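J.:
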Amino acid sequence: MRKKIISVLLILFLSFVHQSGNTQDQKQRLKIFVDCSNTFCDMNFVKTEITLVDFLLDRLAADVHVLITEQETGSGGSQYQLIFFGQNTYNKLSDTLRFNTDPNATSFEERDLLIKYLKLGLTPYVVRAGSGNGVTIEMKQKEGEKVSSTPAAPTRDPWNYWVYRVGLNGHFDADANYKSSRTTFNLVASRVTEEWKIVFEAYAGRNSTTFNVEDDLGNEEKIKIRNDDYTFEHYLIKSLAPHWSFGYEVGLSRNSFSNNKSRALLRTGIEYAIFPYKEVNTKYFTVSYLLDARRNTYFDTTLYDKTSEMLYGHGIETDLSFNQKWGTIGFGAEYHNYFHNWKFFNLNVNAEVDIRITGGLSFNIYTSASLTRDQLFLPKAGATAQEVLTRRRQLASGYSLFTSFGINYRFGSKLNNFVNPRFN
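Residue numbers (our numbering): 964 to 1387.
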């Protein structure tokens, strides 16, 4: 009997020691929160490729908060920025990594690069957490590759940073009583460097819609609608200083929906950035002032008895965004009026807030509103009921408003390590 009691106590002791060891190992596992609220991350892939850490749903409970942002580059690729915020016992350890993707890179190649830099950034934290034995770092020179002791020369681009894009797109939708098609063509030539942004763009689009309807006598009638849209734009932006830039835009356009037979536009302006432009990934605040002149020719006589007119105006624009580990705030506003009569103005305001208040509590709201008092292009004859229902003509509207909001609370387990694609 005595031996049995000793055996049971020994088993319980060993079980306690084993459980304590597991608890200690779990405590040493690095806890991270990956924040991809401003870009797309394949988190299933991330979790299957990085298994040495715990992924948390609560940013405040994590040892490391990884904020991932993305900006488009001049060539059409992307620049990713990974900001590693150390928290709790790692609050003195922070870092920022950046990498660029090729404009022709597939999503498979992009996510591989993202994993590579995510692993690089997490390595110092994993080592400090005592899990360095699970990390393998390979730094091998490729066979036949020579290492130069002199700094690499700037890359010579045979295209001189010019990028060209050509696109032809189509859409078709039909049923027994309805048929719609849309065809668009666009051609873009652009050159973007730190000092210059130069863009030429041509666009052509055609919408064709056919409705089969019956009148009161049961006779079938076909209603055919066609809207054309042609645009050519060129703009140039010059960097003047870390906070200043200057630019101009010229454009030609034609749009039957807006009673626009032809429009020639010249616009120029100056912009001031409250924060240096290089900080665009985390904070951005600009104010710009613009002057414009436009020559409009209309399909139909307008409300103000014009078939063509020359208009001069000015405007001010502001754009604000903060992308921090507590969330995102964005605000934009635009105002424009014509000099010949200041009652013809347009004001647009939009705001977006997505904040993690605490733990699993988050709040988001998006709203946009506009006051429209400058629809000088509206035809005097107005629009027929048929044109209204088929959206062939733009209608007078003094304002527009849109808003959406939500509040979410998550509770329960903070761990988010598992990937289960069954019945997805």
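Built from N, CA and C at the ideal position, the CB exists for glycine as well.
Only a predicted model underlies this, so the values are computations on that prediction, with no experimental measurement involved.
(1) Roughly how far, in whole angstroms, is the beta-carbon of Asn-1140 from the beta-carbon of Asn-1170, given that I think they are within contact range, below 8 Å?
(2) Please confirm whether Ile-1279 and Tyr-1247 have their CB atoms less than 7 Å apart.
(3) Is it buried or exposed, Ile-1046, if we count other Cβ atoms within 10 angstroms and call 16 or more buried?
(4) Can you name the residues that DSSP bridges to Ser-1000?
(5) Does Ile-1078 come out as helix, strand or coil in the three-state DSSP assignment?
(6) As a quick exercise: from Asp-1021, Arg-1145 and Leu-1341, pick the residue whose alpha carbon is nearest that of Phe-1262.
(7) Are the CB atoms of Leu-1254 and Thr-1231 nearer to each other than 7 Å?
(8) Residues in the same chain with beta-carbon distance under 6 Å from Pro-1066, minus the five sequence neighbours each way, listed in chain order, please.
(9) Three or more beta-carbon pairs under 8 Å between the segment 1153-1170 and the segment 1183-1202, yes or no?
(10) Across which residues does DSSP place Tyr-1193 in a beta bridge pair?
(11) Let me know the secondary structure DSSP gives Thr-1086 once reduced to three states.
(12) Just the C-alpha distance for Gly-984 and Tyr-1235, rounded to the nearest angstrom, thanks.
(13) What's the call for Ala-1137, buried or exposed, on a 16-neighbour Cβ count within 10 Å?
(14) Check for me: the alpha helix (DSSP H) holding Thr-1011 runs from which residue to which?
(15) Using DSSP bridges, identify the partner residues of Gly-1037.
(16) Just checking my contact of Leu-1310 with Phe-1294 at CB under 8 Å: how many whole Å lie between their CB atoms?
(17) Which one or two residues does DSSP pair with Lys-1187 in a beta bridge?
(18) Note down the Cα distance separating Asp-1017 from Pro-1121, rounded to an integer number of angstroms.
(19) By Cβ distance, which residues of its chain are closer than 6 Å to Val-1009, with the 5 residues on each side in sequence left out?
(20) According to DSSP, simplified to helix, strand and coil, what is Gly-1097?
(21) Check whether the Cβ atoms of Thr-1260 and Lys-1343 sit closer than 7 Å, and answer yes or no.
(22) For the beta strand (DSSP E) holding Gly-1130, just list the boundary residues, first then last.
(23) Please classify Gln-1050 as buried or exposed, where buried requires at least 16 other C-beta atoms within 10 Å of its C-beta.
(24) Any chance the segment 1211-1226 sits against the segment 1237-1245, with 3 or more Cβ pairs inside 8 Å?
(25) Classify Gly-1375: buried if its beta carbon has 16 or more other beta carbons within 10 angstroms, exposed otherwise.
(26) Should Gly-1375 be flagged as near chain D, meaning a C-beta pair shorter than 7 Å?
(27) On the three-state DSSP scale, how would you describe Lys-1241?
(28) Let's test the definition: count the other Cβ atoms within 10 Å of the Cβ of Asn-1371 and tell me whether it reaches 16, buried, or not, exposed.
T.: A quick look at the data gives this:
(1) Rounded to whole angstroms, the Cβ separation of Asn-1140 and Asn-1170 is 18 Å, and the two are not in contact under 8 Å.
(2) no
(3) Its Cβ being crowded by 16 or more others within 10 Å, Ile-1046 is buried.
(4) Ser-1000 pairs with nothing; no bridge assigned.
(5) helix
(6) The option with the nearest alpha carbon to Phe-1262 is Leu-1341.
(7) yes
(8) Ser-1038, Gly-1039 and Gly-1040
(9) yes
(10) Ala-1167 and Arg-1217
(11) helix
(12) Residue confidence for Gly-984 is low, a pLDDT of 44 falling below 50, so the modelled location carries little weight and cannot support an answer.
(13) exposed
(14) 1006-1012
(15) DSSP, once it has assigned bridges, lists no residue as partnering Gly-1037.
(16) In this structure Leu-1310 is not in contact with Phe-1294, their Cβ atoms being roughly 14 Å apart against a cut-off of 8 Å.
(17) Thr-1173
(18) 46 Å
(19) none
(20) helix
(21) No, Cβ-Cβ distance for Thr-1260 and Lys-1343 is not below 7 Å.
(22) 1125-1137
(23) buried
(24) Output reads no: the segment 1237-1245 does not touch the segment 1211-1226.
(25) It counts as exposed.
(26) Looking for chain D here will not work: only one protein chain is present.
(27) For Lys-1241, the three-state secondary structure derived from DSSP is helix.
(28) exposed
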